[in-house]
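Once you know that position 499 of the sequence shown is 499 in the working numbering, the rest is easy, because the numbers rise by one and skip nothing.
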Amino acid sequence: MNELNTSVLVIDDEEMVRDNIEDILVPRSISQEQYGINSAVNILFDTPATLLAPRTRNIPVFTVDKASTGMEGIQKVRQAVEAGRPYAVIFLDMRMPGINGLETAIEIRKYDLKAEIVFITAYSDCSIEEIVEQAGQNVGYHCKPYASEEIIQIATKAVTDYNKLRNLEKLIESIASIGLNHNQLNSLLKNILDQLACSLETDMALLGKLHDGFVYEKVLSIGAIEEKINLEELIARVKTMPIEKDEVIQIDELVLARMDNYSVFALLKKHEKLKTEKMYLLKLFVQNAAQAIRNAELNEKLIQKEKLSAVGQVLAMVMHDLRSPIKNIQLITGLMREDGDISEMVDLIDQSAEQASRIFDDFLDFIKETKITKVSVNVNKIVTEAIKQAEAREGIEQITIIKNVPDTLVVPGDESKLRGTIINLVNNAIDVLHDRKITNGEITITARIEGKEVMLYITDNGPGIPPEISETLFEPFVTKYKTNGTGLGLSIVKQFITGHGGKIAVYNNNGATFTISLPL
């Protein structure tokens, strides 16, 4: 929380008491006359006495509202809750005209279950047990007369407890809305259960699930609760308990909260009855933990479904690309049967088979993230081979490929993958220039040493990279301006270049320019 709630309400029919508690919690500045009195007291009694104790950094800055009757106090509580500014602490007198303090507390609880109520009274009209039974567990009791230090101490502790519980409540409420996998969620739940157990003043708690009312499965636990109690006996006992699914019960030192099939057991150090506020937090934890676990299960099922869908999409794209070279093989073999001259046909079969094989290899390399094995690679050689292979590409007749690569330029790398990278980029450029019917299409391949890197530039005079895919161009399945293609090509290219310790980028300048840097 950004700020502590230090708002206090004093309900007492005696004006002097109301004002006195306000003066204690919100001390007025000491006047010159009061300083003089303090000095006189010091001289007379030889003590460093002060009328108002100096405020230390550990004491909160309180704000105080006052009410002279129970009905006025109830009205202020209702208005504060409706305005979203509830009171953290309520000091309440027992004997008052109209409705008494206990009746006031019971009515207050209809609007605010969380405020810390402290009875300040000179009369014990009701026993502590009666007060707790009717006004709830989160109440305190202090007798008049009181010392200033006692009021400050009570208010400070009550405000601290209130805000700790509110922080924990906010944290618990956030569980169900956080998307986490099982491991992350279990870590978070254990952390929060630790904090909750600390609030309950125990170091032993267990969150579990009862399947079909028979089989108990532990989700997580803290402390040695499984060593202290017989879980089988406890589960058998729980099954016979007439407990509602959203109820919290306490039996001696054992506290049980249940939500659907999920339960939390906490073993208290003391046999004292747990405060209503803490019972509420325990119930809140089970509710949100159950929802968060269900969300995690649904999320994992959704991810699995998306993975299967993505795999199906990839296979569909790969099959689409393979269809063309495989059909070509059938067509060529048919022509071979009709024509006696088969030498040229064999070359075409080899090209189709190589194209199909390359699609498979690229896909497998991308999936397996094949490790790079480096040798000395002549850049001019692989560029020349890439250009030669591109000569069989559809539409190449209308395109000029220009090479500016030194004959002796060598770079450490995987020759097959670097050649495949250049082939992929050149083929992409050819496809775009052909599909977009660019007249006088031109592709330029330039390589040179710059500092400690080999820089490779592949430029075309096509339409450039569309703005809508420029940020995601190297991600899988991103493609545009191409009639064929899986959208995996540039993902594979980036994976290969990154595996070499290099970088790849693209920019538009009267077409698209891909830049590749490889370390020497």
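C-beta atoms are modelled at their ideal positions from N, C-alpha and C, and glycine is treated no differently.
- The Cβ atoms of V64 and V26 sit closer than 7 Å to each other.
- By the Cβ rule, the region 74-93 does not count as touching the region 175-194, because fewer than three pairs are nearer than 8 Å.
- Apart from sequence neighbours up to five positions away, the residues of its chain that approach Y87 with a beta-carbon distance below 6 Å are S7, L9, A80 and A115, ordered along the chain.
- DSSP, read as helix, strand or coil, puts N58 in coil.
- If you look at L25, you'll find it in the alpha helix (DSSP H) that goes E15 to L25.
- The beta carbons of L200 and I222 sit no closer together than 7 Å.
- N183 and I469 have their alpha carbons spaced roughly 35 Å apart.
- Contact holds between the region 370-385 and the region 409-417, because three or more Cβ pairs, one in each stretch, are under 8 Å apart.
- For K209, same chain residues with a beta-carbon under 7 Å away, outside a window of 5 residues either side, are E217, V219, N261 and Y262 in chain order.
- Beta-bridge partners of D460 (DSSP): I443.
- Under the three-state reduction of DSSP output, Y141 falls in the strand class.
- The continuous alpha helix (DSSP H) containing A390 extends over residues V379 to A390.
- When the five nearest sequence neighbours on each side are left out, the beta carbons in the same chain lying within less than 7 Å of the beta carbon of V61 are those of T6, in order along the chain.
- Restricting attention to A266, I249 and A197, the CA atom closest to the CA of L231 is found in A266.
- One alpha carbon belongs to V255, the other to K164, and they sit about 21 Å apart.
- Annotated three-state conformation of P519 is strand, per DSSP.
- One Cα belongs to V286, the other to L189, and the distance between them is close to 10 Å.
- By the beta-carbon neighbour count (other beta carbons within 10 angstroms, threshold 16), E391 is exposed.
- Secondary structure in the region 95-129: the alpha helix (DSSP H) runs of 4 residues or longer, each lying completely within the stretch, are 101-108 in chain order.
- For H500, the closest of K417, E442, L456 and F474 by C-alpha to C-alpha distance is K417.
- The shortest C-alpha to C-alpha distance from G441 to any of A447, V426 and I131 is the one to V426.
- The continuous beta strand (DSSP E) containing D65 extends over residues T63 to A67.
- Going by beta carbons, L206 and A292 fall outside the 7 Å limit.
- The beta-carbon distance between L518 and E453, rounded to whole angstroms, is 6 Å. This is short enough to meet the 8 Å contact definition.
- Counted as a single uninterrupted DSSP element, the alpha helix (DSSP H) harbouring Y162 occupies residues S148 to I175.
- A429 is the residue among T472, A429 and E475 whose C-alpha sits nearest the C-alpha of T459.
- With distances taken between CA atoms, D435 lies nearest to E394 out of E394, T408 and I402.
- Per DSSP, G73 has no beta-bridge partner at all.
- Excluding sequence positions up to five before and after K503, its CB lies within less than 6 Å of the CB of S517, all in the same chain and listed in chain order.
- Counting along the chain, A266 sits inside the beta strand (DSSP E) bounded by residues Y262 to L267.
- A direct Cα-to-Cα measurement between C198 and L268 gives close to 10 Å.
- The C-beta distance from N299 to E173 rounds to 19 Å, too long to meet the 8 Å contact threshold.
- Per DSSP, K417 is one residue of the alpha helix (DSSP H) stretching across E415 to D435.
- Taking all protein chains in view, the Cβ of F360 is surrounded by fewer than 16 other Cβ atoms within 10 Å, so the residue is classified as exposed.
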